[in-house]
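Here the numbering used here is used: the first residue of the sequence shown is 14, the next is one more, and so on.
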Amino acid sequence: MNRIVHVDLQERSYDIHIGDAPPVGQALKDSSGQRALIVSDSNVAPLYASSCEQSLQSLGLETTLAVVPAGEASKNLDVVKNLYGEALKAGLDRRSVIVALGGGMVGDLAGFVAATFLRGIAFIQSPTSLLAMVDSSVGGKTGVNLEQGKNLVGAFYQPIEVSADLATLQSLPEREYLSGLAEVVKYGVIWDAEFFGQLESSADALLARDGDLIREVVARCCEIKAEVVAVDEREGGVRAILNFGHTLGHAVEQVCGYGKWLHGEAVAAGMVYAADLSVALKGLAVGDRDRLVGLLGRLGLPTGPATEEGTAVWEQLRAAMAADKKTRQAIPRFVLAERLGAVAYGCEVPEDVLSTTFSNFESRTDKTEL
């Protein structure tokens, strides 16, 4: 059974279709003769580009496929420039559509191209990773990385449709799947303590990729994000809570080299650090912090700053956080938890607390490493 979650943004509203092989392009009207550029990566395209093309062609669209190298390193302005060229070669005009077929990197990249090509053309998200389904494909954030930091160039640009084919998760590599679970856990911390408890009780089924459970988990995450985005589309306030764990997480990704740590892995470590800060500054119960550490560990996610893929050193991390989008005058702002299901955003943390907490975080014996 497929699920539909509606994102209510007035004239920019759209539906998220969640299920097994939901057709791509349901939101398109009078599409005969329109052109579509499908942007995918070198891992996903061989598996799913053909079925995506067939779905669009059945609606009367002419399709062109553009494939970028897999991995976070492709999320840069040089690749954007190349995709502009592909869009021109494909004859895209203002009635055309760009379809992002892939994980979060592809969605961010293709969405930014759609937002800026001809000052904006229609855009469809067809996420194939768990992380993209529950987070990056929803809400309209698009962008690319600079050497100085992650997602420093981008735009808020809503898709006209999200089509999440859960069947694609069965071919997702284990590490990529686990990375997506970090964003799932995040929603329990920031919004829904009952959902967090359900994740604890169903961790084994999540790891086994139980289909019915995944459908409900993806739908609940999308519902939460849709609620948040409907209140604050452009992150002027409450939408910032979606960045729980991301302040340190983005710094880890940058310092260790984009792609060394997967996004969800870095966010998992960042959530534990933020939870430690929350114990110190917001009165988060140590028991709640320990529940978070325990759940992430059960799901095979890092809860410390060192993995086989690289170790993040405080001095480098602090410098990277100074360039974070949420930083003001080199002072990073954190999302901190008051309890499971309730967080505060825009929190400035004294410098000595930042460094002391990281030192304790680095040396704690309950951390799990890859």
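C-beta: ideal position from N, C-alpha, C; glycine also. Remember, predicted model here, so these are calculated numbers, not experimental data.
Roughly how many angstroms lie between the CA atoms of residue i and residue j, to the nearest whole one?
i	j	result
D91	L314	32 Å
T381	G283	Caution applies to T381, whose pLDDT of 49 falls short of 50 and renders its modelled position unreliable; the model cannot decide the point.
G32	V175	11 Å
E187	K42	38 Å
Q70	F130	22 Å
L383	L105	Because L383 carries a pLDDT of 39, less than 50, the predicted location of this residue cannot be relied on, and no value is offered for it.
E213	E75	46 Å
G133	V251	26 Å
N373	V112	45 Å
S19	E236	It is His, not Ser, that sits at residue 19 in the sequence shown. Approximately 8 Å between the Cα atoms of the pair.
V299	V292	6 Å
T340	A127	27 Å
E266	Y190	18 Å
Y200	L255	8 Å
G124	L165	15 Å
D301	E351	10 Å
A243	I227	24 Å
Across which residues does DSSP place residue i in a beta bridge pair?
i	result
P140	G115
A355	R352
K154	F169
H30	I17, S176
W204	Looking at the DSSP assignment, W204 forms no beta bridge with any residue, so it has no partner.
F374	Paired residues: none, contrary to the question.
W274	Y271
I51	L78, V112
E361	R346
E162	Note on residue identity: the sequence assigns Gly, not Glu, to residue 162. The partner list for G162 (beta bridge, DSSP) reads L159.
Spatial neighbours of residue i within its chain, please: CB distance less than 7 Å, with the 5 preceding and 5 following residues excluded, ordered by chain position.
i	result
A343	A335
Y61	L114, T141, T181
G46	G73
T316	A281, A282, V285, V306, L309, G310, K380, T381
F169	G153, K154, E246, R247
G13	Residue 13 lies beyond the residue range present for the chain, which begins at 14 and ends at 383; the question has no answer from this structure.
A232	R16, V18, I31
Let me make sure I understand the geometry here. Which of the options has the alpha-carbon closest to that of residue i?
i	options	result
A279	A62, L294, P318, S291	P318
A49	D28, A333, V202, F136	F136
K154	T260, N373, A253	A253
A177	D303, P82, A333, D28	D28
E375	N164, K94, D289	D289
S63	A221, P36, A355	P36
S87	V251, E75, A58, M118	M118
Q39	N56, S53, I17	I17
S109	S44, E207, F125	S44
If you drop the 5 nearest sequence neighbours on each side, which residues of the same chain put their C-beta closer than 8 Å to that of residue i?
i	result
L294	L349, C360, V362, V366
Q67	none
T77	R48, A49, L50, I51, E99, K102, A103
Can you round the beta-carbon distance between residue i and residue j to whole angstroms, since I take them to be within the 8 Å contact cut?
i	j	result
V285	L312	13 Å between Cβ atoms; not a contact.
L179	G224	7 Å
L22	Q171	6 Å
S139	C234	Rounded, the Cβ-Cβ distance is 17 Å, inconsistent with contact.
D205	G354	6 Å
A333	G162	7 Å
Leaving out five residues on either side along the sequence, give the residues of the same chain with a beta carbon under 6 Å from the beta carbon of residue i.
i	result
G84	G272
G262	A279, V280, G283
T369	none
S150	G120, Q138, P140, V175
P345	T260, M334, D337
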